[in-house]
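At position 275 of the sequence shown (counting the first as 1) the number is 275 in this note's numbering, and the numbers step up by one without a gap.
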Amino acid sequence: MSSELPPRPGVAAPRRPVRALTRLAGVTVLAGALVVGASAAAVAAPGPSGAASAAPTAADTATRPPRTTHGPCAYTETPDEPAARPVPLPPDPRRTPARGTVRVTLATNHGPIGLTLDRAAAPCTVQSFLHLVGKRFYDRTPCHRLTAYPTLSVLQCGDPSGTGEGGPGYRYRDELPTDLPPAPTDPTGERRVYARGVLAMANAGPDTNGSQFFLVYANSALRPNYTIFGEVDAAGLATLDRIAAGGVAPTAEDPAPVDGAPALPVTIRKAVRTHHHH
Numbered sequence: 001m002s003s004e005l006p007p008r009p010g011v012a013a014p015r016r017p018v019r020a021l022t023r024l025a026g027v028t029v030l031a032g033a034l035v036v037g038a039s040a041a042a043v044a045a046p047g048p049s050g051a052a053s054a055a056p057t058a059a060d061t062a063t064r065p066p067r068t069t070h071g072p073c074a075y076t077e078t079p080d081e082p083a084a085r086p087v088p089l090p091p092d093p094r095r096t097p098a099r100g101t102v103r104v105t106l107a108t109n110h111g112p113i114g115l116t117l118d119r120a121a122a123p124c125t126v127q128s129f130l131h132l133v134g135k136r137f138y139d140r141t142p143c144h145r146l147t148a149y150p151t152l153s154v155l156q157c158g159d160p161s162g163t164g165e166g167g168p169g170y171r172y173r174d175e176l177p178t179d180l181p182p183a184p185t186d187p188t189g190e191r192r193v194y195a196r197g198v199l200a201m202a203n204a205g206p207d208t209n210g211s212q213f214f215l216v217y218a219n220s221a222l223r224p225n226y227t228i229f230g231e232v233d234a235a236g237l238a239t240l241d242r243i244a245a246g247g248v249a250p251t252a253e254d255p256a257p258v259d260g261a262p263a264l265p266v267t268i269r270k271a272v273r274t275h276h277h278h
């Protein structure tokens with residue numbers, strides 16, 4: 001399952017359902033059109049198999065409907081987007097924990113990134129993330145995308161394939177923030193501030209959360225279409241700053257990119273739930 005951030009400026013909507021945040025276009029006027037186009041493309045574009053992931057055909061539905069868990073989170077298999085690394089559907093208890101915080105540490109090759117997950121803000125997202133951590137889904141995986149736009153500064157991780165298209169083989173609904181301040185850089189008033197230190201899910205359109213997530217290292221302006229489920233600690237921000245300072249890896253087509261693979265390759269060596277005594 002790919003994960004969308006914004007489309008890159010001046011680039012047509014991605015042909016593959018690459019999960020982006022909402023690749024923000026640099027030019028505000030363009031941005032509105034690009035991002036909308038990208039979301040539509042991300043949802044309806046052909047998947048890696050080449051088959052459009054639009055309406056299933058009768059032949060598809062005749063086989064077996066995708067399995068869905070029976071609790072409030074309704075984690076649903078995505079047969080057309082198989083898991084980048086095999087993992088079962090998360091537990092989905094009727095009373096999904098919706099209070100308190102949980103600590104997770106991403107041990108990376110640049111230092112630790114400590115996360116505090118907020119169950120009240122996004123109970124189903126936290127439940128899924130902890131499930132993937134427990135199944136070691138994130139161990140030895142790259143952070144495949146760094147953005148350095150003035151209005152989008154994030155590191156995106158969580159795809160074991162490193163392509164931006166990989167996921168856990170299931171999806172679940174959004175748990176969107178409702179109280180974010182308007183972004184001062186956006187005269188339309190549509191974008192909100194995803195502040196430095198925010199931990200949020202990347203997606204490929206509404207209700208397509210999987211395993212990819214992004215870490216915000218400088219205040220960013222995004223439509224409030226991305227589930228926020230925690231925050232990065234001070235040591236983690238120092239690690240993110242080191243990665244961001246390395247910039248985006250140049251390519252033959254773009255010698256000074258602001259969106260692409262980090263120039264300093266980033267690997268999550270291990271993701272661990274850390275218990276603290278309070």
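Don't be surprised by glycine CBs; every beta carbon is placed ideally from N, CA and C.
Requested in this report: Check whether the stretch 176 to 193 touches the stretch 216 to 235, taking contact to mean three or more Cβ pairs, one atom from each stretch, closer than 8 Å.
Outcome: yes
Query raised in the report: Relative to the C-alpha of Y110, which residue among N225, D259, D186, P142 is closest?
Result: According to the sequence provided, residue 110 is His. The question's Tyr does not apply to it. The residue with the shortest Cα to Cα distance from H110 is P142.
Query raised in the report: Mind checking T108: buried by the 16 CB within 10 Å criterion, or exposed?
Result: buried
Query raised in the report: How long is the line joining the alpha carbons of V193 and L152, rounded to whole angstroms?
Result: 10 Å
Query raised in the report: How close, in whole Å, do the beta carbons of V248 and D241 come, if the pair is a contact with beta carbons under 8 Å?
Result: Taking 8 Å as the upper bound for CB-CB distance, V248 and D241 are not in contact here, some 15 Å apart.
**Report entry** C-alpha distance - E253 paired with P262, whole-angstrom precision
**Finding:** 16 Å
Report task. Work out the CA separation of R64 and Y149 for me, nearest whole Å. Result -> Cα to Cα, Y149 sits roughly 43 Å from R64.
Report task. Evaluate the contact criterion for the stretch 115 to 125 versus the stretch 154 to 163: three or more CB pairs, one atom per stretch, below 8 Å. Result -> no
Query raised in the report: Among residues of its own chain, excluding the 5 on either side of G236, which ones have a beta-carbon nearer than 6 Å to its beta-carbon?
Result: I113, G114, listed in sequence order.
Query raised in the report: Under a Cβ-count criterion, where at least 16 other Cβ atoms within 10 Å of its own Cβ denotes burial, should T188 be classed as buried or exposed?
Result: exposed
Query - A271 - partner residues in DSSP beta bridges - result: L106
Report task. Closer than 6 Å by C-beta to T105: which residues in its own chain qualify, once you throw out the five before and the five after it? Chain order, please. Result -> P112, G114, V272, T274
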